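Beneath this line is the structure, given in structure tokens, with notes to follow.
In mature numbering (1 follows the signal peptide of the UniProt record, and there is no 0), the protein residues as written are -22 to -1, 1 to 610.
Structure (structure tokens):
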């Protein structure tokens, strides 16, 4: 008697399952193709299963396109790829990789890929700096605005785009037009042109125009603005509590200016809450409720950006693997919700690290396509979105038949990358950006100086500053015998450095505030190294102790090498302060008299600082952000 009801129940469940599956329509391949065009993946790492080891983590960079990824691109028809520094080694390798990516898409009968990169200049660059032109970055450009207007924004945009184009890149996730009004901003800071919305608008637009004039699509970021946050969206979900008036006059102003005066190819969204624009709540995967981030907000992306502000280009998300999104959404749900909001392209929606991950991508495409077919996503909106993508591709991306033969392409790239003309512009920007914040009379180095003690953040900066200053002093006969010593703030103890600086007549300190963010290191794959950085508060206390140990007969200077907000904390202990907004170093080779090859560190900003310190030039930049008043 007990068996029969169970048997009936099992049969009923089987029938219901069959009916449910039978009623679920098959997914239209045309819709799948549309959805795939709206996805842009990274291929930073890729491994065979046996390479994963005990950690289960893949860290083998993709520098040559594996057959599995070629097939994935051909089979799925994804719309784009983003490359990171790990993918990029030398000129020929980069050209071959980008050509192989485009060939894989063409083999599947698809449109050319968007091949994108974060090459902002300054602290965020992915092309190897020893073969390219990195520049000092946006805040350095902002420091030149008072004297040079938009000149360096245009020149840097022109150089960056020319160098990207010859390598096969067609999208640059730049410029950042965030207005940096928060001194505590951990992720934007020197990536911003400054705190004045008018200046940021002018410089951002000029750089965008220069890039797009060279057939590289610019992506203005991070909409609706990342300039007033104290949280990095790579590690948390920031909240901006500006009222509508401030949002319109500060945050949105650079985006609106570019839309009104030009034709931005892309605008990148920010994973940031803006309750004054949209205070809708959503329930995260862990059950918590919070305000919808801009990337998921239809009110912000469609009603505001698309309809009210009049943007007709392509909206792309910031990376969806960032904690501000990944903590709250499953990957497919994140893509679904941002498409509902009005995004055209989902960036880095899923990590493909082994061949076993590829079916997950295909399932994501199928699941999103099913949501289109069932009406959860609008077919018309998806079609319009892909039409925008195709229009942009047709305008900017060369077809395979338009490509130069590889030998000619390689020769052109080698002639273009880090050319003398490009490096001249890079040095001119560094020279023009440096600001004298306190007491320009504290330099040049005087005749009584016999020993200079440098205190730099780490060894690479020690070597770069020592080399630049030594070269500049040796060119002046009366100062050629000055001895330069350098201590690393990270690797030497406070007492060791105090002992060394006692014998110097001039002590030059340097400060990097805030520390590197995840985006500067590369992205979420670098979070372990990012967490292992020395604690900033420990380094700050150490620097303060060293400044207090300077004797009355010694001269002390500070070089602020990032944002200058912290200089007011140290000003009373210093005779003079300079700001450079940059600290990029490059490893170079030099052949000595015996024929031995020696490596040394170099950088335009160090040469510019050295020339100011020895009196060869004046610091002519102007602060692009406000700092607390100093007591002279």
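By construction, the Cβ of each residue, glycine as well, lies at the ideal position given by its N, Cα and C atoms. Note that the structure is a prediction, hence the values are computed from the model and not measured.
Under the three-state DSSP convention, the category residue i falls into
i	result
residue 297	coil
residue 23	strand
residue 204	coil
residue 196	strand
residue 150	strand
residue 366	helix
residue 386	helix
residue 352	coil
residue 253	coil
residue 536	strand
residue 592	helix
residue 35	coil
residue 604	coil
residue 465	strand
residue 612	Since the displayed the chain opens at -22 and closes at 610, residue 612 lies outside it and no answer follows.
Alpha helix (DSSP H) segment containing residue i, residue limits
i	result
residue 399	398 to 411
residue 10	7 to 15
residue 543	Segment: none, residue 543 is in no alpha helix (DSSP H) and carries neither H nor E.
residue 475	472 to 479
residue 516	514 to 526
residue 54	45 to 54
residue 237	231 to 239
residue 376	Per DSSP, residue 376 belongs to no alpha helix (DSSP H) and is neither H nor E.
residue 228	Counting along the chain, residue 228 falls outside any alpha helix (DSSP H), and DSSP gives it neither H nor E.
residue 597	Taken as a continuous stretch (DSSP letters only), residue 597 belongs to no alpha helix (DSSP H), as it is neither H nor E.
residue 175	175 to 191
N- and C-terminal bounds of the beta strand (DSSP E) containing residue i
i	result
residue 488	484 to 489
residue 58	58 to 60
residue 245	244 to 247
Residue environment, residue i, which counts as buried when at least 16 other CB atoms sit within 10 Å
i	result
residue 286	exposed
residue 80	buried
residue 395	buried
residue 647	No information on residue 647 is available, as it lies outside the stretch -22 to 610 that the chain covers here.
residue 481	exposed
residue 356	exposed
residue 33	exposed
residue 222	exposed
residue 604	exposed
residue 257	exposed
residue 539	buried
residue 524	buried
residue 456	exposed
residue 585	buried
residue 263	exposed
residue 54	buried
residue 14	buried
residue 206	buried
residue 341	exposed
residue 192	buried
residue 96	buried
residue 531	exposed
residue 368	exposed
What are the uninterrupted segments assigned as alpha helix (DSSP H) that are 4 or more residues long and contained completely in the segment 404 to 461, given in chain order?
Entirely contained in the segment 404 to 461, the alpha helix (DSSP H) runs reaching 4 residues are, in chain order, 437 to 452.
Any contact between the segment 193 to 205 and the segment 238 to 252? By contact I mean 3 or more CB pairs, one from each, below 8 Å.
When Cβ pairs closer than 8 Å are counted between the two stretches, the segment 193 to 205 is seen to touch the segment 238 to 252, the count reaching three or more.
Whole runs of the alpha helix (DSSP H) within the segment 541 to 588, excluding any shorter than 4 residues
Counting whole runs of 4 or more residues, the segment 541 to 588 contains the alpha helix (DSSP H) stretches 545 to 548.
Between the segment 582 to 591 and the segment 149 to 162, can you find at least three pairs of beta-carbon atoms closer than 8 Å?
Cβ pair count under 8 Å is below three, so no.
Going residue by residue through the segment 258 to 338, where are the continuous alpha helix (DSSP H) segments of at least 4 residues, counting only ones entirely within it?
Runs of the alpha helix (DSSP H) inside the segment 258 to 338: 301 to 304, 309 to 319.
Three or more C-beta pairs below 8 Å linking the segment 306 to 315 and the segment 224 to 235
Result no; under three Cβ-Cβ pairs closer than 8 Å.
Three or more C-beta pairs under 8 Å: does that hold for the segment 170 to 187 against the segment 249 to 257?
The segment 170 to 187 makes no contact with the segment 249 to 257, as fewer than three CB pairs between them are under 8 Å.
Ignoring anything shorter than 4 residues or poking outside the segment 71 to 129, list the alpha helix (DSSP H) runs there in chain order.
Segments of the alpha helix (DSSP H) lying fully in the segment 71 to 129: 116 to 126.
Flag this pair as touching only if the segment 431 to 443 and the segment 403 to 413 have three or more C-beta atom pairs under 8 Å; answer yes or no.
Segments in contact, no.
Touch check for the segment 318 to 335 and the segment 289 to 297: three-plus C-beta pairs under 8 Å?
Because the criterion of three Cβ pairs below 8 Å is met, the segment 318 to 335 and the segment 289 to 297 touch.
For the segment 110 to 125 against the segment 560 to 579, are there 3 or more C-beta pairs whose distance is under 8 Å?
In short, these stretches touch, since the Cβ pair count reaches three.
Is there contact between the segment 366 to 379 and the segment 31 to 51, where contact requires at least three CB pairs shorter than 8 Å?
As far as the Cβ criterion goes, the segment 366 to 379 does not touch the segment 31 to 51, which means the pair count is below three.
Three Cβ pairs or more, each shorter than 8 Å: is that satisfied between the segment 66 to 75 and the segment 344 to 358?
Not touching, per the Cβ criterion.
Decide if the segment 439 to 454 is in contact with the segment 409 to 419; the criterion is three or more beta carbon pairs, one per stretch, under 8 Å apart.
Not touching, per the Cβ criterion.
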